[in-house]
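Below: the structure, in C-alpha cells.
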Amino acid sequence: MTETRTRPEGPPAGVVNPPAPAARRRHAIPVGDAGLPLLGLVIALACWWLVTTGFGLVHPAALPPPQAVAASMAERSGVLIPALGITTVMTVVGFLLSAAAGVLIGIALAASRHLERMFAPLLVAVNAVPKIALGPLLVVSFGWGAKPVLTMVFLLCFFPIVLSTATGLTTTPADLAELARSLHASWWQSFRKVRFPAALPQVFVGLKVAMPLAAIGAVIGEFYSDQPGLGYQILQYNGIGETATAWAAIVLIAAMSIGLYSVVHLVERLALPWVRATTSAR
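Each position in the sequence shown, counted from 1, maps to that position plus 1332 in the working numbering.
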C-alpha cells in the first residue's frame, strides 16, 4: 500500500502572493485628498482667464479677469475680510438654528402620521415661496440688524433638513426594526438605539445640502439689512462700478461655502465611522 501525500495548497514556487487590497490602500498616496481639488481649481481659473482675457468673450465690466479680482481683493482686504467674518457668523448661526429646528420637526413628522398629513403641505408651501421676495418684509417685521439675516438663512435651510430627517426615520432597515421588536424595546429605546442611528446618514445628507443654502440665505439677507457682510459689499461696490471688488466678495463667499461644507463632511466622517465600512466604495 502506497502512502499518498497531499501537497499543501499555495502558489507555485517562485510566485509571490499579491498584496491584499487593504495593504495596497494603506500604502497608496492619497492624491485625491488635495491634488484633484487643486487641479480642478487650476482648470476653473484657466477657463476664467481664457473667457475674459485670452479670447475676450466677456466684457471686463460684466466679468473681470481673475488677476483683476485678485488685485481688488488684496487692495480691499481691510473691508472684505471683516465682511467675510460677519457673513460667516450669520451663516453658521443660522445653519445651527435651522439644523436644530429641522431635526426636531423631522422627528415629529416621522413619529406621527397625523402631524405629517397636517403640516407637510404647509412646509412645502413655505419652501416654495421665493425667499428673495421676503427680504424687504423681514426688515419691516424684525427691523435692522441680524434678525432678518438669520431668518432668511433659516427659511432656506430648514426644509432639506426636515425632509432628510423624516425620510431617514421612516426608512429604518426591516431587520433592525424587527430586532428591536423581538427584544421588546420601548419606543424611546427603539428610537435611541436603532431608528435615529440608522437615520443619521440621511440626516447628514440634509445638512450637507443645507450648508451652501445657508450661505445663500446670509447673502440675500444682507442685501436688505444693515449688516456689513459680503452681500452688503457686493451691492455697494457694484453700485459704484467696482465690479472687480464685487466679484472678489463673490469669490470669498464661494471659498467660505467650501470650507463650511468640508467641516460638515468631516463631522459626518468622525461621527459615523461605520458608514464607510458598511457601504460600497466608489
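Each residue gets a CB set at the ideal place from its N, CA and C atoms; glycine is no exception.
Where in the region 1477-1508 do unbroken runs of the alpha helix (DSSP H), each at least 4 residues long, occur, reported from the N-terminal end onward? Fully contained in the region 1477-1508 are the following alpha helix (DSSP H) runs of length 4 or more, in chain order: 1479-1501.
Counting pairs of Cβ atoms below 8 Å between the region 1447-1457 and the region 1385-1392, do you hit three or more? Of all C-beta pairs linking the region 1447-1457 to the region 1385-1392, fewer than three are shorter than 8 Å, placing the two stretches out of contact.
Quick check on the burial criterion: 16 or more other C-beta atoms within 10 angstroms. Buried or exposed for E1510? For E1510, the number of other beta carbons within 10 angstroms of its own is below 16, and it is reported as exposed.
Would you call the region 1514-1527 and the region 1477-1490 in contact, with 3 or more CB pairs under 8 Å? Taking a contact to require three or more Cβ pairs closer than 8 Å, the region 1514-1527 and the region 1477-1490 do not qualify as touching.
To the nearest angstrom, how far is the alpha carbon of A1580 from that of M1405? Between the alpha carbons of A1580 and M1405 lies a gap of roughly 5 Å.
Within 10 angstroms of its Cβ, does A1547 collect 16 or more other Cβ (buried), or is it exposed? A residue is called buried once 16 or more other Cβ atoms fall within 10 Å of its Cβ, and A1547 is buried on that count.
For V1596, which three-state DSSP category applies? If DSSP states are grouped into helix, strand and coil, V1596 belongs with the helices.
Inter-residue spacing [alpha-carbon to alpha-carbon] between G1426 and A1530: If you take the alpha carbons of G1426 and A1530, they lie about 26 Å apart.
Whole angstroms is fine: what's the gap from G1438's alpha carbon to I1375's? Looking at the two C-alpha atoms, the distance is approximately 40 Å.
Under 8 Å by Cβ, that's how I've got L1488 and L1545 pegged, so tell me the actual separation to the nearest angstrom. 4 Å between Cβ atoms; contact.
Sequence-distant residues of its chain with Cβ nearer than 8 Å to M1422 (five each side left out): For M1422, where only same-chain residues beyond five positions count, the Cβ hits under 8 Å are A1478, V1481, L1482, V1485, A1550, G1553, E1554, Q1559, G1561.
Let's test the definition: count the other Cβ atoms within 10 Å of the Cβ of R1527 and tell me whether it reaches 16, buried, or not, exposed. Answer is buried; the Cβ neighbour count reaches 16.
Does the Cβ of I1572 have 16 or more other Cβ atoms within 10 Å, making it buried, or fewer, making it exposed? By the 10 Å Cβ count, I1572 comes out exposed.
If you count every other CB in all the chains shown that lies within 10 Å of the CB of T1504, and 16 or more means buried, which is it? The residue is buried, with at least 16 neighbouring Cβ atoms inside 10 Å.
Nearest-angstrom Cα distance between F1474 and K1463? When rounded, the separation of the alpha-carbon atoms in F1474 and K1463 is 16 Å.
Using only alpha-carbon positions, find the residue among A1457, V1494, V1596 that is nearest to A1442. The residue from A1457, V1494, V1596 with its alpha-carbon nearest to that of A1442 is V1494.
C-alpha distance - A1354 paired with A1402, whole-angstrom precision: Caution applies to A1354, whose pLDDT of 48 falls short of 50 and renders its modelled position unreliable; the model cannot decide the point.
Which of helix, strand or coil DSSP assigns to G1549: G1549 falls in the helix class under three-state DSSP.
Could you work out which residue in P1414, W1381, L1371 is closest to R1563 when comparing CA atoms only? Sequence inspection shows Gly at residue 1563; the Arg mentioned does not correspond to that position. That would be P1414, whose Cα lies nearest to the Cα of G1563.
Would you mind giving the Cβ-Cβ distance between T1499 and G1434, rounded to the nearest angstrom? I have them listed as a contact below 8 Å. Rounded, the Cβ-Cβ distance is 12 Å, inconsistent with contact.
Exposure of V1595, with buried meaning 16 or more beta-carbon neighbours within 10 Å: Result: exposed.
Buried or exposed for P1396, going by 16 or more other Cβ atoms inside 10 Å? Its Cβ being crowded by 16 or more others within 10 Å, P1396 is buried.
Should S1589 go down as buried or exposed, given a rule of 16 or more other Cβ atoms within 10 Å for buried? By the C-beta density criterion, S1589 is buried, having at least 16 other C-beta atoms within 10 angstroms.
Tell me the DSSP secondary structure of V1390 in three-state form. In the displayed model, V1390 falls within coil according to three-state DSSP, outside both helix and strand.
Report buried or exposed for R1357, applying the criterion of at least 16 other Cβ atoms within 10 angstroms of its Cβ. Unreliable placement is indicated for R1357, whose pLDDT of 47 sits below 50; no coordinate value is reported for it.
State the DSSP-derived secondary structure class of V1461, mapped to helix, strand or coil. Of the three classes helix, strand and coil, the one that applies to V1461 here is coil, per DSSP.
Exposure of P1492, with buried meaning 16 or more beta-carbon neighbours within 10 Å: It counts as buried.
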